[in-house]
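Novice:
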Amino acid sequence: MQPTTYNAKAYSAASPTSGLASTKINRRDPTDRDVRIEILFCGICHSDLHSVRNEWSEFMATNYPIVPGHEILGRVTKVGSAVTKYKPGDLVAVGCMVDSDGTCAHCKAGLEQFCPNMILTFNSPDKHLGSVTYGGYSESIVVDERFVLRVPSNLNAAAAAPLLCAGITTYSPMHHWGVTNGKKVGVVGLGGLGSFDFILDAVSADHDINAYINLLGVNGNLTLVGAPAKPLGVAAFSLIGRRRSLSGSMIGGIPETQEMLDFCGAHNITADVEVIPIQKVNEAYERLLKSDVKYRFSIDMASLKSE
Ligand SMILES: [Zn+2]
Ligand SMILES: [Zn+2]
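Take the sequence shown: its position 293, counted from the start at 1, is 374 in the working numbering, and no numbers get skipped.
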């Protein structure tokens, strides 16, 4: 049975060139296991821009209109009758995924990002309403409680939003490759010298990856988290001489995302952000393209109220 719906204010793009503009979208009323969240802040991720402009059409064509946003921070306003983990008033977050089958081996291992039936927060099929999922550039969102995360109350909400994509994307591979105290870690873009144990490559443009692989020590690993559209050329000699490895990583599962948020809470870690009203989102995209930005953008959703 199709659930009942309500209207929510949002910002959407009608085409790759239209830019984002104010609109109203349909959200389902919470079903038994759903949590309705009033969105306080939503980070701007580069994938928002790629998707809005349909730049990943080969891998993931954009369905228009699109409402992007998958770094969502907000407060619970309503819960379904079977929800056990959350209650109205809780500070919560939603990242890149909003659903999965829950039954496959990956889901059972808490690695929902690899589930063949994983549903992204925006531009994925919406099984409830038959349309596509709409993301966090909106005043509210309704999500299955399995994909809702708890936010430590000491964290600043605007600055915690980017943890939901950028944060887990960097945390998960470091965890997987055993980065602990005493390891030398390089992050491409920040530079560094000699003998690294682990390099995190977040560059999403074409670049000479061999220059970075050659900075790794014996058994060193370079993990790609950026997604350049063109294939990268890897010199075999860069890898074989020192048993180096090259790998990729994409966000993280729900248990690991919660672990990352709790870790950030315990150590008071958030992102450096530039808070903007939603009305400046198109300008923010232009600045991203010109690299005219020092910090990650976090959209203050209170600005949607005046639309
Ligand atoms: Zn992202
Ligand atoms: Zn699954």
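All C-beta atoms in this analysis are idealised placements derived from N, C-alpha and C, irrespective of residue type, glycine included.
1) The alpha helix (DSSP H) that contains K189, what's its start and end?
2) With a cut-off of 8 Å on the beta carbons, I'd call A174 and A247 a contact; round off their distance for me.
3) Could you pull out every residue in the same chain whose Cβ sits closer than 8 Å to the Cβ of H209, ignoring the five residues on either side in sequence?
4) Could you please give the first and the last residue of the uninterrupted beta strand (DSSP E) stretch that includes L121?
5) Helix, strand or coil: which one does DSSP assign to N135?
6) Using the three-state DSSP reduction, which class does T304 fall into: helix, strand or coil?
7) Look at the alpha carbon of L101 and the alpha carbon of F122, and state the distance between them as a whole number of angstroms.
8) According to DSSP, is R323 part of a helix, a strand, or is it coil?
9) Could you tell me the distance, in whole angstroms, from the CA atom of M382 to the CA atom of L230?
10) According to DSSP, is Y376 part of a helix, a strand, or is it coil?
11) Quick one, which of F277, K375 and C177 has its alpha-carbon nearest I200's?
12) So, is R324 buried or exposed, given that buried needs 16 or more other C-beta atoms within 10 angstroms?
13) Using CA atoms only, rank isn't needed, just tell me which of R134, R156, T251 and D225 is closest to V389.
14) Do you know how far the Cα of L296 is from the Cα of G272?
15) What is the rounded straight-line gap between the Cα of I280 and the Cα of N300?
16) Name the residue from A286, K265, H348 and G155 whose alpha carbon lies nearest to the alpha carbon of P309.
17) Report the option in F378, R227, G346 and S253 whose CA atom is closest to the CA atom of G333.
18) By the three-class DSSP mapping on this structure, what secondary structure does V260 have?
19) As a quick exercise: from P97, G298, I125 and L154, pick the residue whose alpha carbon is nearest that of N144.
20) Say whether the segment 122-137 touches the segment 370-379, bearing in mind that this needs 3 or more beta-carbon pairs closer than 8 Å, one atom from each stretch.
21) What separation, rounded to the nearest whole angstrom, lies between the Cα atoms of N204 and S384?
22) Between K185 and ligand 2, is the CB less than 7 Å from at least one heavy atom?
Specialist: A quick look at the data gives this:
1) Boundaries of the alpha helix (DSSP H) harbouring K189: A186 to K189, taken from the DSSP string.
2) Not confirmed; about 13 Å, so no contact.
3) Q83, P84, R109 and T112, listed in sequence order.
4) Unbroken beta strand (DSSP E) run through L121: D115 to G124.
5) The answer is coil: DSSP assigns N135 none of H, G, I, E or B.
6) Three-state result, T304: strand.
7) Whole-angstrom Cα-Cα distance: 17 Å.
8) Reduced to three states, the DSSP call for R323 is coil.
9) So the two alpha carbons sit approximately 19 Å from each other.
10) Of the three classes helix, strand and coil, the one that applies to Y376 here is coil, per DSSP.
11) Of the listed residues, the one whose Cα sits closest to I200 is C177.
12) Residue environment for R324: exposed (fewer than 16 other C-beta atoms within 10 angstroms of its C-beta).
13) The chain is shown from 82 up to 388; residue 389 falls before or after that span and cannot be answered.
14) Its pLDDT being 39, under 50, G272 is placed unreliably by the model, and the measurement read from it follows with that caveat. Taking the straight line joining both Cα atoms gives about 10 Å.
15) Their Cα atoms are separated by approximately 12 Å.
16) Minimum Cα-Cα distance from P309 among the listed residues A286, K265, H348 and G155 corresponds to A286.
17) Taking only the C-alpha atoms, the option nearest G333 is S253.
18) Coil, per DSSP.
19) Nearest C-alpha to N144: P97.
20) Verdict: yes, contact present.
21) Spanning the two alpha carbons is a distance of roughly 24 Å.
22) With the sequence shown as reference, residue 185 is identified as Cys, and Lys is not the correct amino acid for it. C185 has its CB nearer than 7 Å to a heavy atom of ligand 2.
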